[in-house]
Amino acid sequence: MHELVERLYPLCRSITGDGVRRTLEIIGELVPLDVHEVPTGTQVLDWNVPKEWNIRDAYVKDPTGAKVVDFAESNLHVVGYSVPVSARMPLAELRGHLHTLPDQPGLIPYRTSYYAEDWGFCLRHETLESLRDGEYEVVVDSTLADGHLTYAEHVVPGRTSEEVLISCHTCHPSLANDNLAGIAVATQLARRLATTSPRYTYRFLFAPGTIGSITWLARNRDTVERIRHGLVLACAGDGGGLTYKRSRRGDTQIDRAVGHVLRTSGRPHRTVDFSPYGYDERQYCSPGFDLPVGCLTRSTYAGYPEYHTSGDNPAFVLPESLEDTLETCWEVTRVLEEDRRVLNLSPYGEPQLGRRGLYGALGGRSDTKQAQLAMLWVLNLSDGTRTLLDVAERACLPFRAVAEAAQSLEDAGLVREWNP
Amino acid sequence: MHELVERLYPLCRSITGDGVRRTLEIIGELVPLDVHEVPTGTQVLDWNVPKEWNIRDAYVKDPTGAKVVDFAESNLHVVGYSVPVSARMPLAELRGHLHTLPDQPGLIPYRTSYYAEDWGFCLRHETLESLRDGEYEVVVDSTLADGHLTYAEHVVPGRTSEEVLISCHTCHPSLANDNLAGIAVATQLARRLATTSPRYTYRFLFAPGTIGSITWLARNRDTVERIRHGLVLACAGDGGGLTYKRSRRGDTQIDRAVGHVLRTSGRPHRTVDFSPYGYDERQYCSPGFDLPVGCLTRSTYAGYPEYHTSGDNPAFVLPESLEDTLETCWEVTRVLEEDRRVLNLSPYGEPQLGRRGLYGALGGRSDTKQAQLAMLWVLNLSDGTRTLLDVAERACLPFRAVAEAAQSLEDAGLVREWNP
Amino acid sequence: MHELVERLYPLCRSITGDGVRRTLEIIGELVPLDVHEVPTGTQVLDWNVPKEWNIRDAYVKDPTGAKVVDFAESNLHVVGYSVPVSARMPLAELRGHLHTLPDQPGLIPYRTSYYAEDWGFCLRHETLESLRDGEYEVVVDSTLADGHLTYAEHVVPGRTSEEVLISCHTCHPSLANDNLAGIAVATQLARRLATTSPRYTYRFLFAPGTIGSITWLARNRDTVERIRHGLVLACAGDGGGLTYKRSRRGDTQIDRAVGHVLRTSGRPHRTVDFSPYGYDERQYCSPGFDLPVGCLTRSTYAGYPEYHTSGDNPAFVLPESLEDTLETCWEVTRVLEEDRRVLNLSPYGEPQLGRRGLYGALGGRSDTKQAQLAMLWVLNLSDGTRTLLDVAERACLPFRAVAEAAQSLEDAGLVREWNP
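Residue numbers (UniProt numbering), protein chains in the order written: chain A, 1 to 420; chain Z, 1 to 420; chain R, 1 to 420.
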């Protein structure tokens, strides 16, 4: 996964353009993608698909002709969606187009101007401090013209048409944790799910933030009801603990599944309520759709100093963090796939487990194993009102242990699958 | 407000009598009052209006003829409703009629005997200690006879007949925080509301504790259903933080509004559940009426050492505390007046706020302003199930910010008022 | 109660056999018992009544002929339900039949093998360590043959056929806290209840753990619906604080009554949710029956180092702990017996308590007595929706005070019993 992050890092992505297409080509080498091109001007919900932006070069030369800001060094140097410019101007005038972080003088900020035609440069504050007065040359060799917005889908077919949506944004240029890490985890999760025969159909969406999910929602408005659970993956690789942001409804199966996996994982983690600010869950959880989609990150949106700066580079993303996020996603899919309701067929008193080889023969010991406790919990609570996840939550046992106990009891004929 | 407290302080109030009438005259100079006189013996709910009590003088002279206890020095010296007496008796016999605070020897307690005919004096315990044996002269020049119970109402008319009740008791003699402070805050709140054109009709009640509110309830039994929200104001001026005691129902709009204002004010405060002991909320929240009336105080009923003693004097009431209580009441009325339900007219995805000048043009920054967050919250939660107060509570934002965001969105045509 | 513990301690009890019969004879000297004998092989729910086990002697002799393990010294030395054996074998072979506690080398463990025919000895680990290699003689003089399972009931008749079940297990050999203490408390509680004319019929069950309650449930399947409340009593005499384990439903009257008594007792205590592991509540709370039965202990099941070892002897049981558990049970029965619903007949405003001699005449004091507060709470909350226990819980007052206040108010004609 970290290799993918490194490989995608140099590309200049935005909400449209060839950087996104190139990114999707590379992802497509790992999982087959269905790429969609949506023309500029297309009405999508309350929005319109913007013009397509591409850039070849950009720089600022000081009075001596030295390049003091250079797109070739980092694509963060140019404000996203900067219109073409070729001009000479005094520093005083240029300053209005320069963005820095005075509190983090060594870092380049990330800025965009998608919907207001403008141009600008982002640079280290220490560089700005070093600039001398005089006439500067400014060049932005970009095009902003009718074209397309590009996004892609990958589907792992399931035994049912009910879908799990995994969504990650593809619009950020050289920023590694946000969101190449999310892209890498999603890609690996898709490959791992493809080795199974899942109950759910898993739809992976790679699209630009906000306008991309809005475009997808507009074009799939009649089929979104298929989505039973969903996760937005972002900031999936930094060194912080995992954070789960619940869906707008707050108590959906995905909220409960992720919450359970995190609680029983022993990992440091946080779960927070939904708020209408962050990533594409903002769109999926808008009141008209109100989809059961949460957001899984490590450090949160705008929650770390390197966020949206040149400090968010491949070195900031840890291979073990990517693995940990992937494993968590995998465990969550296990709960979604395996949760079910069983019915205790011997509900009057406890059935004699020992006779069936399910219970230790020697009595009196005070150390009962988790497997035996899990069986007792499944028997006691499986009256048709509770699922295995309900049992696991009530018993404070890992879902895995409860699911295995239910299987043992089913094999012994003590419970049967129950679908009201 | 503090001037009013000082001016009313010397008057000898009780649950009936000329002290109450004089108090209402002075309040009437600030807000027009509708004064009611209810004859002795009138049946009011389970009670009867008692005889009217008036007192001119009272003292205790020691064997040397020196006045050791003198009504002229403090009206707390006489037990409220003491019957007339003129007698000579040894100290031993007199002691049975003397009330002191051994733990607070320098303070005069406040005692009454409204419903059991008796007489008595309250004095500093240190004074009692200094009394020598011998024959004492006791005089209480009072009258207890058929008359009237006096209370007053002031109404600020609103655009609807739904009412907000503000109630404070007028029966305490020279006690400043309890309850001249409540009277002063209520009077100022009435004057401030009169400068607006409120949605609710605000009814201010100045009446003696318990028997006064019972009398008012008895005489307004058929119209109390007009009362949508209410507050009992008492102990409104001491140096302690604000305390809100919820209504019996506990989750009414007034409970939520006061709770929200206190939570978002940054002020130290407490909110406590209803209990059937305290001020006139006892009557308003009796199960037959069960009105949505809470009680706002600073230090609580019987919750400070000076309570019901000569220590509760004008110096114990701080002008800034009176201001703070008034401001809190004002903010509460803002919530009551401005809370409403709006409907998001663009619920599928987020509407494009930037196009409408409601969102910053430069993207990528991580410092989003409260105003923008408030708009996102209003849009996300305004599905017809929530009011602006619901939104403010869920978003942990001040009601003010949410109400302004709703107005901006309404002006932009993105939401509309919604009345199911 | 401690004398009973000491008297019963030496008997070798098990889930069947003469030790149980002798135990019931002794209990029968204190309260009349209805003893039931259920034949081996009888089907009881999912189980069958096992063979009856009796033992006369058992020992292990070392190569020198010295008895190194002797049933006569402690009946814990033999694994419960050991089949007869008379053999000579080397220590290496014998070891497979020896059970010790390496972490508690000075204590004899308690072990059984009810449902897998086997034999074994339990001994101090330090004894095991001292054994020298060589040929050992092993004798278990027991019989395992068709017979009966024995349990007993004692009933304190009530004014109604609604029952309260008090259940304690009788299957443990020389273990004092688990469960001779529970037996002793149950016996005393029965004697104390017999001095009253209770509303409920109290059924005391003395039966072996698991198979005993299963047998009782099987034979009373059609009448268990009479059980309105129940308690399993165990570990009732150690020095730890009380622990209440709620019923499966978690919010039944017994759960609320015990919780209230513990909360208002000032005693250190714990209340924990139901789990399907512990004593016979496992059977009563199996989903088919789901009876409102909780479990009251001091230290919990498997919750103390002496648990199921020779350390659980009469010295481990404290007379004052037995008294404290008994008193708690008694207070719980008071709540069950006296809880009721009253209706405030004067719900508009507070009735004038003073006129009826229910309120102090002298006003102004800030120290109101609990009795008066309790009356105000009963009046305020008795609108037909709440029982006296509801009132006590809401008011944070002891049930006793609330019940007495309700009686005073009923005597004054201010409330009446209310049965919807």
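Even for Gly, the Cβ is constructed at its ideal location relative to N, Cα and C.
Bear in mind the structure is a predicted one, so any value in this text is a computation, not a measurement.
Report the neighbours of residue 208(Z) on chain R: residues whose CB is nearer than 9 Å to its CB, in chain order. Within the second sequence, numbered from 1, the residue matching residue 208(Z) stands at position 208. The contacting residues do not exist; residue 208(Z) stays about 12 Å from chain R at best.
Hey, quick one: how far does the alpha helix (DSSP H) through residue 219(R) stretch, first residue to last? Residue mapping note: residue 219(R) aligns to position 219 of the third sequence, counting from 1. Element bounds for residue 219(R): 211-219.
Residue 32(R): buried (16+ other C-beta within 10 angstroms of its C-beta) or exposed? One-based indexing of the third sequence puts residue 32(R) at position 32. Burial call: exposed.
Going by beta carbon distance, what residues of the same chain come within less than 6 Å of residue 353(Z), once the five residues before and after it are set aside? Taking the second sequence and counting its residues from 1, one reaches residue 353(Z) at position 353. Excluding positions up to five away in sequence, the list reads 359.
Would you say residue 48(A) faces chain R, with C-beta separation under 8 Å as the test? The count along the first sequence starts at 1 and reaches residue 48(A) at position 48. So no, residue 48(A) is outside the interface.
Could you check the C-alpha separation between residue 259(R) and residue 392(R) for me, to the nearest Å? Against the third sequence, residue 259(R) aligns to sequence position 259. Against the third sequence, residue 392(R) aligns to sequence position 392. Residue 259(R) and residue 392(R): Cα-Cα distance of roughly 12 Å.
Contacts that residue 174(R) makes with chain A (C-beta to C-beta distance below 7 Å): Numbered from 1 along the third sequence, position 174 holds the residue referred to as residue 174(R). Taking the beta carbon of residue 174(R) as reference, no residue of chain A falls within 7 Å; the closest one sits roughly 13 Å away.
Does the contact criterion of 3 or more C-beta pairs under 8 Å hold for the segment 255-272 of chain Z versus the segment 306-320 of chain Z? Segments in contact, no.
Assuming the contact rule is C-beta atoms closer than 8 Å, residue 174(Z) and residue 75(Z) should be a hit. Round their C-beta distance to whole Å, please. Numbered from 1 along the second sequence, position 174 holds the residue referred to as residue 174(Z). Numbered from 1 along the second sequence, position 75 holds the residue referred to as residue 75(Z). Sure, about 5 Å apart at Cβ, within 8 Å.
Quick one: Cα of residue 316(A) to Cα of residue 342(A), how far? Looking up residue 316(A) in the first sequence gives position 316. Looking up residue 342(A) in the first sequence gives position 342. Rounded to whole angstroms, residue 316(A) and residue 342(A) show a C-alpha spacing of 45 Å.
Express the C-alpha separation of residue 373(R) and residue 339(Z) in angstroms, rounding to a whole number. Stepping through the second sequence from its first residue, residue 339(Z) is reached at position 339. Stepping through the third sequence from its first residue, residue 373(R) is reached at position 373. Going from the Cα of residue 339(Z) to the Cα of residue 373(R) covers about 37 Å.
What did DSSP end up calling residue 483(R) once you bin it into helix, strand or coil? No answer is possible for residue 483(R): it lies beyond the span of chain R, which begins at 1 and ends at 420.
Spell out a yes or no on whether the segment 156-173 of chain R and the segment 225-242 of chain R are touching, meaning 3 or more CB-CB pairs, one atom from each, closer than 8 Å. Under the 8 Å Cβ criterion, the segment 156-173 of chain R counts as touching the segment 225-242 of chain R, having at least three qualifying pairs.
Any C-beta of chain R sitting closer than 8 Å to the C-beta of residue 422(Z)? This structure cannot settle anything about residue 422(Z), because the visible part of chain Z is limited to 1 through 420.
N- and C-terminal bounds of the alpha helix (DSSP H) containing residue 182(Z): Looking up residue 182(Z) in the second sequence gives position 182. Residues 182-193.
Can you confirm whether the segment 146-160 of chain R touches the segment 114-130 of chain R when touching is taken to mean that 3 or more C-beta pairs between the two stretches lie within less than 8 Å? When C-beta atoms of the segment 114-130 of chain R are compared with those of the segment 146-160 of chain R, fewer than three pairs fall below 8 Å, so the two segments do not count as touching.
Using the beta-carbon of each residue, which ones in chain R are nearer than 7 Å to residue 377(A)? Along the first sequence, read from residue 1 onward, the residue named residue 377(A) stands at position 377. Correct list: 276.
Residues that residue 287(Z) contacts on chain R, provided the C-beta gap is smaller than 7 Å: Reading the second sequence from its first residue, position 287 is the one you call residue 287(Z). Residues of chain R passing the Cβ test: 344, 347, 380, 383.
Who does residue 339(Z) pair with in a DSSP beta bridge? In the second sequence, the residue the question calls residue 339(Z) occupies position 339. Answer is none; residue 339(Z) lacks a bridge partner.
So which of 42(Z), 379(Z), 172(Z), 272(Z) has the shortest CA-CA distance to residue 146(Z)? Counting from 1 along the second sequence, the entry for residue 146(Z) is found at position 146. Closest option to residue 146(Z), Cα to Cα, is 42(Z).
Ends of the alpha helix (DSSP H) at residue 152(R)? Against the third sequence, residue 152(R) aligns to sequence position 152. The continuous stretches of alpha helix (DSSP H) do not include residue 152(R), which lies in the beta strand (DSSP E) extending over residues 148-156.
Best match in 396(Z), 34(Z), 46(Z) for proximity to residue 218(Z) [C-alpha to C-alpha]: Locating residue 218(Z) in the second sequence gives position 218, counting from the first residue. When C-alpha distances from residue 218(Z) are compared across 396(Z), 34(Z), 46(Z), the shortest belongs to 46(Z).
Excluding the five sequence neighbours on either side, which residues of its own chain have a C-beta within less than 6 Å of the C-beta of residue 86(Z), listed in chain order? Position 86 of the second sequence, counted from the first residue, corresponds to residue 86(Z). The answer, listed in chain order, is 139.
Classification of residue 287(A) by the beta-carbon crowding that lies within 10 angstroms, buried from 16 upward: In the first sequence, the residue the question calls residue 287(A) occupies position 287. Residue 287(A) should be labelled buried.
For residue 47(R), the residue or residues it bridges with in DSSP: Counting from 1 along the third sequence, the entry for residue 47(R) is found at position 47. Answer is 44(R), bridged to residue 47(R).
Under DSSP, the alpha helix (DSSP H) around residue 26(A) begins and ends at which residues? By 1-based counting over the first sequence, the position of residue 26(A) is 26. In this chain, the alpha helix (DSSP H) harbouring residue 26(A) covers 18-28.
Taking Cβ-Cβ distances shorter than 8 Å, what residues in chain R pair up with residue 352(A)? Along the first sequence, read from residue 1 onward, the residue named residue 352(A) stands at position 352. Result: 46, 47, 115.
For residue 177(A), count neighbouring Cβ atoms within 10 angstroms of its own Cβ and tell me buried if that reaches 16, exposed if not. The residue you call residue 177(A) lines up with position 177 of the first sequence. Buried, since its Cβ has 16 or more Cβ neighbours within 10 Å.
How big is the Cα-Cα spacing for residue 408(A) and residue 193(A)? The sequence position of residue 408(A) within the first sequence is 408, counting from 1. The sequence position of residue 193(A) within the first sequence is 193, counting from 1. Approximately 25 Å, taken between the alpha carbons.
In chain order, what residues of the same chain have a beta carbon less than 6 Å from the beta carbon of residue 299(A), not counting five sequence neighbours either side? Taking the first sequence and counting its residues from 1, one reaches residue 299(A) at position 299. Beyond the five residues adjoining it in sequence on each side, residue 299(A) comes within less than 6 Å, by CB distance, of 235, 238, 240 in the same chain, given in chain order.
Scan the segment 184-212 of chain A for residues whose Cβ lies nearer than 7 Å to a Cβ of chain Z and list them as they occur along the chain. Look at the segment 184-212 of chain A: it has no residue with a C-beta under 7 Å from a C-beta of chain Z.
Three-state secondary structure (DSSP) at residue 121(R)? Residue 121(R) sits at position 121 when you count from the first residue of the third sequence. Secondary structure of residue 121(R) (DSSP, three-state): strand.
Which chain R residues sit within Cβ distance under 8 Å of residue 363(A)? Within the first sequence, numbered from 1, the residue matching residue 363(A) stands at position 363. By Cβ distance, chain R contributes 80, 111, 112, 113, 114.
Ends of the beta strand (DSSP E) at residue 380(Z)? For the purposes of this step, residue 380(Z) is taken as the residue at position 380 of the second sequence. No beta strand (DSSP E) holds residue 380(Z); the alpha helix (DSSP H) holding it covers 370-381.
Spatial distance of residue 357(A) from residue 15(R) (CA atoms): Residue 357(A) sits at position 357 when you count from the first residue of the first sequence. Residue 15(R) sits at position 15 when you count from the first residue of the third sequence. Pairing residue 357(A) with residue 15(R), the inter-Cα distance amounts to about 21 Å.
Please work out which residues of its chain come closer than 7 Å, Cβ to Cβ, to residue 248(R), disregarding the five sequence neighbours upstream and downstream, and give them in chain order. Walking along the third sequence from the start, residue 248(R) turns up at place 248. So the list reads 274, 285, 290, once near-sequence residues are dropped.
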